[in-house]
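**Q**
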Amino acid sequence: MFCSGIWDSILIGKLKHNLSVFDTKFSEAKAMKPLLKARLLAAKAAANTQSMDCGSNTSSAMAAFERMEEKILMQEVRAFSAAELAGADLETQFAALEASSDVDDELAALKAQMLLPGGSLGKSQLPQHAIALKSNTDCEVIDTELEALRKELDRL
Numbered sequence: 004m005f006c007s008g009i010w011d012s013i014l015i016g017k018l019k020h021n022l023s024v025f026d027t028k029f030s031e032a033k034a035m036k037p038l039l040k041a042r043l044l045a046a047k048a049a050a051n052t053q054s055m056d057c058g059s060n061t062s063s064a065m066a067a068f069e070r071m072e073e074k075i076l077m078q079e080v081r082a083f084s085a086a087e088l089a090g091a092d093l094e095t096q097f098a099a100l101e102a103s104s105d106v107d108d109e110l111a112a113l114k115a116q117m118l119l120p121g122g123s124l125g126k127s128q129l130p131q132h133a134i135a136l137k138s139n140t141d142c143e144v145i146d147t148e149l150e151a152l153r154k155e156l157d158r159l
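Written out as structure tokens, the structure is:
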């Protein structure tokens, strides 16, 4: 019995020692857990960074940039061609207006009729302001009245 008591105390001592070692290792593992998590996250972030730098994402970013630049160039070409077409259209319209002298001819004919004594347009058919402009003195009167109106307008 004595032997069994010694064995029991040795066994209990070993168990206590093993429990103490296990407790220490468990505490160390518990303390290492946040550190290992942080290292894992850092490694994943580094791997993601490397995969982005690998060139596949860089080339796709460059391709997107080139597509954007191409779209801008196409828009500029459209705007430039539209401006040229509009300019050519306006030039054509002005040339057509200058070429048609019908209005100028009609105006010259009316002036000639007004100046001729036997013209078909008499003073009664002309508007009042056209009759008043026949003499220089009438023009001076109008200029004076116009100046008076301007001064009155400035006072307001």
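Per the working numbering, residue 4 is the first one in the sequence shown, and the count goes up by one each step.
Idealized CB from N, CA, C, for every residue including glycine.
1. In angstroms, rounded to a whole number, what distance separates the CA positions of A41 and T27?
2. Could you give the distance in angstroms between the alpha-carbon of I13 and the alpha-carbon of K36?
3. In whole angstroms, give me the CA-to-CA distance for D108 and A115.
4. Rounded to a whole number of angstroms, what is the C-alpha to C-alpha distance between E72 and L110?
5. Between Q162 and R81, what straight-line distance do the alpha-carbon atoms span, to the nearest angstrom?
6. For I75, which residues of its own chain have a beta-carbon under 7 Å away from its beta-carbon, when the five flanking residues on both sides are left out?
**A** If we stick to the structure as given:
1. Distance from the CA of A41 to the CA of T27, rounded to the nearest whole angstrom, comes to 22 Å.
2. Rounded to the nearest whole angstrom, the CA to CA distance from I13 to K36 is 34 Å.
3. Roughly 11 Å separates the two Cα atoms.
4. One alpha carbon belongs to E72, the other to L110, and they sit about 56 Å apart.
5. Missing from the structure shown is residue 162; the chain here goes from 4 to 159 and no further.
6. No residues qualify anywhere along the chain.
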